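What follows is a set of notes on a single structure, which appears directly below.
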Amino acid sequence: MSFERRTPVWRGIRVPELLVPALLGGLILAYFLLPFVTFLYRTGTADVLSGLATPEAQLAIRNSLLTAPVTTAIATVLGVPLAYVLARKSFPGKRVVEALVIMPLIVPPVVGGAMILTAVGRFTPLGSAAAAVGLPLTDSLAGVILAQLFVAAPFVIITARAGFGAIDVRVEQASRSLGYGPVSTFWNVSLPLARGAIIAGIILTFARAIGEFGATMMVAYNPRTMPTRIWVEFIAGGIDAIVPLAVALFAITLGVLALVQRFGRVPTVIER
């Protein structure tokens, strides 16, 4: 019996096997592309450089470029070890931990911001104590970082976990059999092997942090970051008013994409 794959025939015409999936996928790709094309066409009528030179835009850019790297560093330092534990260990409550990591991606950012306010708002015990020592956790750069961290940290955790999960456990076992401890094995074996996935997660976390709006608007509307400034400009002047900052964010997005393609690798295997 022959199991040779054959090209389907429709009304006497041979149809390529992936034609229908390709056509359906092409529709969503066209939808993805259309806003980019129309937006880039719109930028041709705007004075981007003068728009970015205003004090308000400069301050928003500075705030975003100050907070997003800090958020990314915190997410990496705290998230990568957690990703390794989730990839390698089974323990009671693991599913709960996994759900906690995923929840910020599911909860609408505005709702996430409201939840953060209930934890660190100025009238909460934690928020009032921090404000008393001169470190307010809302309407401050610290508040921006807290909002960004909530929505962006899951990216590096999930991606790094997939990278660690793709490593053959026997490689780490070989390192342990040679006398290296768990920390040394993690640092010298596991991290280098998962480097591509971790780098991709770090870059995606940075991109998510610098573009975060909903939670940031709730927790720290001031000082304004690029997304919150875009919202203010849109309310005041419509689409044309936001083009300069939107172009800047779009350029950052393209840079992030280039970095992921060049240095990162997003694994496709999450669990073995």
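Everything in the sequence shown is counted per the working numbering, starting at 5 for the first residue and increasing by one.
No residue lacks a Cβ here, since even glycine has one placed at the ideal position from N, Cα and C.
Note that the structure is a prediction, hence the values are computed from the model and not measured.
Next on the checklist: Can you tell me where the alpha helix (DSSP H) holding V52 begins and where it ends?
Outcome noted: Taking the first residue of the sequence shown as 1, we reach residue 52 at position 48. V52: member of the alpha helix (DSSP H) spanning 52-56, first to last residue.
Next on the checklist: With a threshold of 6 Å on Cβ separation, who are the neighbours of L109 within its own chain once the five nearest residues in sequence on each side are excluded?
Outcome noted: Taking the first residue of the sequence shown as 1, we reach residue 109 at position 105. Contacts found: P158.
Checklist entry - If you draw a straight line from the C-alpha of I203 to the C-alpha of T47, how long is it? => result Residue numbering aside, residue 203 sits at position 199 when the sequence shown is read from its first letter. Residue numbering aside, residue 47 sits at position 43 when the sequence shown is read from its first letter. If I take the Cα positions, the gap works out to 32 Å.
Checklist entry - Can the beta-carbon of R165 be found closer than 8 Å to that of L90? => result Taking the sequence shown and counting its residues from 1, the one referred to as residue 165 is at position 161. Taking the sequence shown and counting its residues from 1, the one referred to as residue 90 is at position 86. If you check the CB distance, R165 and L90 come in under 8 Å.
Item to check | Same chain, Cβ closer than 7 Å to A87, five either side skipped, listed in chain order | outcome: Translated into positions along the sequence shown, residue 87 becomes position 83. If the five residues before and after A87 are omitted, its C-beta is found closer than 7 Å to the C-beta atoms of I161, A164, R165, F168, all from its own chain and listed in chain order.
Checklist entry - What's the call for M107, buried or exposed, on a 16-neighbour Cβ count within 10 Å? => result For the purposes of this step, residue 107 is taken as the residue at position 103 of the sequence shown. Classification for M107: exposed.
Checklist entry - Is F154 helix, strand or coil when you go by DSSP? => result Residue mapping note: residue 154 aligns to position 150 of the sequence shown, counting from 1. DSSP places F154 in helix when its eight states are reduced to three.
Checklist entry - On the three-state DSSP scale, how would you describe G215? => result As a first step, residue 215 is located in the sequence shown; it is residue number 211 there, counting from the start. For G215, the three-state secondary structure derived from DSSP is coil.
Checklist entry - D143 to F238, Cα distance in whole Å? => result On the sequence shown, position 139 is the one that residue 143 refers to. On the sequence shown, position 234 is the one that residue 238 refers to. If I take the Cα positions, the gap works out to 21 Å.
Checklist entry - How is P140 classed by DSSP in three states: helix, strand or coil? => result For the purposes of this step, residue 140 is taken as residue 136 along the sequence shown, with counting starting at 1. Shown here, P140 sits in coil according to DSSP, grouped into three states, outside any helix or strand.
Next on the checklist: Suppose the cutoff is 6 Å on Cβ atoms and the five residues either side in sequence are ignored; what does the same chain contact list for G97 look like?
Outcome noted: If you number the sequence shown from 1, residue 97 lands on position 93. If we look at G97 and ignore the five residues flanking it on each side, it has no Cβ neighbours.
Next on the checklist: If we require 4 or more residues per run, which alpha helix (DSSP H) segments fall completely within the stretch 160-212?
Outcome noted: DSSP runs (the alpha helix (DSSP H)) wholly in the stretch 160-212: 173-181, 186-189.
Item to check | Identity of the residue in L38, S68, T76, T42 nearest L208 by Cα | outcome: Mapped onto the sequence shown, residue 208 falls at position 204. The shortest C-alpha separation from L208 is found at T76.
Checklist entry - Pick from A211, G200, R126, V124: whose alpha carbon is nearest that of A156? => result Against the sequence shown, residue 156 aligns to sequence position 152. Of the listed residues, the one whose Cα sits closest to A156 is A211.
Item to check | Element boundaries [alpha helix (DSSP H), containing E1] | outcome: An answer regarding residue 1 cannot be provided, because it is not within the stretch 5 to 276 covered by the chain.
Item to check | Nearest-angstrom Cβ-Cβ length linking L56 and A252, presumed shorter than 8 Å | outcome: Your numbering for residue 56 matches position 52 in the sequence shown. Your numbering for residue 252 matches position 248 in the sequence shown. Going by Cβ atoms, the distance from L56 to A252 rounds to 6 Å, so yes, they are a contact pair.
Checklist entry - For Q265, does the count of other Cβ atoms within 10 angstroms reach 16, so buried, or fall short, so exposed? => result Taking the first residue of the sequence shown as position 1, residue 265 is located at position 261. Exposed: under 16 other Cβ atoms inside 10 Å.
Item to check | Environment of G183 [buried if 16+ CB atoms lie within 10 Å] | outcome: Walking along the sequence shown from the start, residue 183 turns up at place 179. Exposed: under 16 other Cβ atoms inside 10 Å.
Item to check | Distance, M222 Cα to T232 Cα | outcome: Working through the sequence shown from its first residue, we reach residue 232 at position 228. Working through the sequence shown from its first residue, we reach residue 222 at position 218. Roughly 10 Å between the two C-alpha positions.
Next on the checklist: Give me, in chain order, the residues of the same chain whose beta-carbon lies closer than 7 Å to that of A79; leave out the 5 immediate sequence neighbours on both sides.
Outcome noted: By one-based count along the sequence shown, residue 79 stands at place 75. For A79, same chain residues with a beta-carbon under 7 Å away, outside a window of 5 residues either side, are L153, A156, A157, V160, T209 in chain order.
Checklist entry - Which word fits N67, buried or exposed, when buried means at least 16 other C-beta atoms lie within 10 angstroms of its C-beta? => result Locating residue 67 in the sequence shown gives position 63, where the first residue counts as 1. Around the beta-carbon of N67, 16 or more other beta-carbon atoms lie within 10 Å, marking it buried.
Next on the checklist: Give me the residue from V148, L31, R92 with the minimum Cα distance to A170.
Outcome noted: Mapped onto the sequence shown, residue 170 falls at position 166. Closest by alpha carbon: R92.
Next on the checklist: Quick check on the burial criterion: 16 or more other C-beta atoms within 10 angstroms. Buried or exposed for G185?
Outcome noted: For this step, residue 185 is matched to residue 181 along the sequence shown. With fewer than 16 other Cβ atoms from the protein chains shown falling within 10 Å of its own Cβ, G185 counts as exposed.
Checklist entry - Can you tell which of V74, I65, L53 has its C-alpha closest to the C-alpha of I206? => result Position 202 of the sequence shown, counted from the start, is the residue given in the question as residue 206. When only C-alpha atoms are compared, the closest one is V74.
Next on the checklist: Distance check for E176 and V273, CA to CA, integer angstroms please.
Outcome noted: Within the sequence shown, residue 273 is the residue found at index 269, counting from 1. Within the sequence shown, residue 176 is the residue found at index 172, counting from 1. With a pLDDT of only 43 at V273, under 50, the local geometry of the prediction cannot be trusted, and the value read off the model is given with reservation. Approximately 18 Å, taken between the alpha carbons.
Item to check | Alpha-carbon spacing of A2 relative to L23, whole angstroms | outcome: Absent from the model: residue 2. The displayed extent of the chain is 5 to 276, so no value can be given.
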